[in-house]
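Chemist:
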Amino acid sequence: MLMRTDPFRELDRLTQQLMGPGTWSRPSAMPMDAYREGDEYVVAFDLPGVTADAIDIDVERNMLTVKAERRPVTKTDDVQMELSERPLGVFSRQIVLADTLDTEHIKADYDAGVLTLRIPIAERAKPRKISIGVGSGPKEISG
Numbered sequence: 369m370l371m372r373t374d375p376f377r378e379l380d381r382l383t384q385q386l387m388g389p390g391t392w393s394r395p396s397a398m399p400m401d402a403y404r405e406g407d408e409y410v411v412a413f414d415l416p417g418v419t420a421d422a423i424d425i426d427v428e429r430n431m432l433t434v435k436a437e438r439r440p441v442t443k444t445d446d447v448q449m450e451l452s453e454r455p456l457g458v459f460s461r462q463i464v465l466a467d468t469l470d471t472e473h474i475k476a477d478y479d480a481g482v483l484t485l486r487i488p489i490a491e492r493a494k495p496r497k498i499s500i501g502v503g504s505g506p507k508e509i510s511g
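In the working numbering, each number is its position in the sequence shown, counted from 1, plus 368.
This is the structure:
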């Protein structure tokens, strides 16, 4: 039901590590998991250190876009950075959603650095039983 839009994700991740933090025009990728749970798809994005107000979620047609920004911790003059491995900047991910998902009723929760989106499966895509009508046999048409 979900399709990846970027087959070179690992190559992009390595390139972004070498080139520095993401910007709004060139965001870094964010890791995610996607799975089906009952009658909905669940997509979880890792965004540690990002505040909820720095996350932007958009759906246009069947394209889901998640953007987030990890801002640097405010430093005072007496702080000297010894090691900085956590990436800063803008992170983004786009996912093409199948037509069988109900994009009008997406729920988003953010807890412990994980953004979880729950996307219900549309009623028209759920399996249903079709009843078979029994006719009364052949009919004669007179004219």
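Beta carbons are placed, not taken as given, at the ideal position from N, Cα and C, and that holds for glycine. From a predicted model like this one, the values you see are computed outputs, not experimental measurements.
Less than 8 Å between the CB atoms is what I'm expecting for Ala476 and Ile509, so what's the real figure, rounded?
Modeler: The residue given as residue 476 occupies position 108 in the sequence shown. The residue given as residue 509 occupies position 141 in the sequence shown. Not confirmed; about 60 Å, so no contact.
Chemist: If we count the other Cβ atoms within 10 Å of its Cβ and call it buried at 16 or more, is Leu485 buried or exposed?
Modeler: Against the sequence shown, residue 485 aligns to sequence position 117. With 16 or more Cβ atoms within 10 Å of its Cβ, Leu485 is classed as buried.
Chemist: With a floor of 4 residues, list each alpha helix (DSSP H) that falls wholly inside the stretch 413-485, ordered by position along the chain.
Modeler: List check, alpha helix (DSSP H) in window: nothing returned.
Chemist: How about Arg461 and Thr433: are their beta carbons less than 9 Å apart?
Modeler: By 1-based counting over the sequence shown, the position of residue 461 is 93. By 1-based counting over the sequence shown, the position of residue 433 is 65. Closer than 9 Å, so yes.
Chemist: Which partner residues does Arg404 have in the DSSP bridge list?
Modeler: For the purposes of this step, residue 404 is taken as residue 36 along the sequence shown, with counting starting at 1. Note: Arg404 sits in a beta bridge opposite Tyr409.
Chemist: Please work out which residues of its chain come closer than 6 Å, Cβ to Cβ, to Ala412, disregarding the five sequence neighbours upstream and downstream, and give them in chain order.
Modeler: Taking the sequence shown and counting its residues from 1, one reaches residue 412 at position 44. If we look at Ala412 and ignore the five residues flanking it on each side, its Cβ neighbours are Asp401, Val482 and Thr484.
Chemist: On the CB-based measure, 16 or more other CB atoms within 10 Å of its CB, does Tyr409 come out buried or exposed?
Modeler: Locating residue 409 in the sequence shown gives position 41, counting from the first residue. Counting Cβ neighbours within 10 Å, Tyr409 comes out buried, since at least 16 surround it.
Chemist: Would the stretch 484-501 count as touching the stretch 465-472 if we require 3 or more Cβ pairs under 8 Å?
Modeler: Yes, they touch.
Chemist: Since I believe Asp407 is in contact with Ile489 (beta carbons under 8 Å), could you give me their beta-carbon distance rounded to a whole number of angstroms?
Modeler: Sequence index remark: in the sequence shown, residue 489 carries index 121 (1-based). Sequence index remark: in the sequence shown, residue 407 carries index 39 (1-based). With a Cβ gap of about 5 Å, Ile489 and Asp407 count as contacting.
Chemist: Per DSSP, Ile353 is paired with what?
Modeler: Within the shown structure, residues of the chain are numbered from 369 to 511, placing residue 353 beyond reach of any answer.
Chemist: If I measure Cβ to Cβ from Pro399 and keep anything under 8 Å in the same chain, skipping five residues before and after, which residues do I get?
Modeler: For the purposes of this step, residue 399 is taken as residue 31 along the sequence shown, with counting starting at 1. Closer than 8 Å at Cβ, skipping near neighbours: Phe413 and Asp414.
Chemist: Do you know how far the Cα of Arg438 is from the Cα of Gly457?
Modeler: For the purposes of this step, residue 457 is taken as residue 89 along the sequence shown, with counting starting at 1. For the purposes of this step, residue 438 is taken as residue 70 along the sequence shown, with counting starting at 1. In a straight line, the C-alpha of Gly457 is about 5 Å away from that of Arg438.
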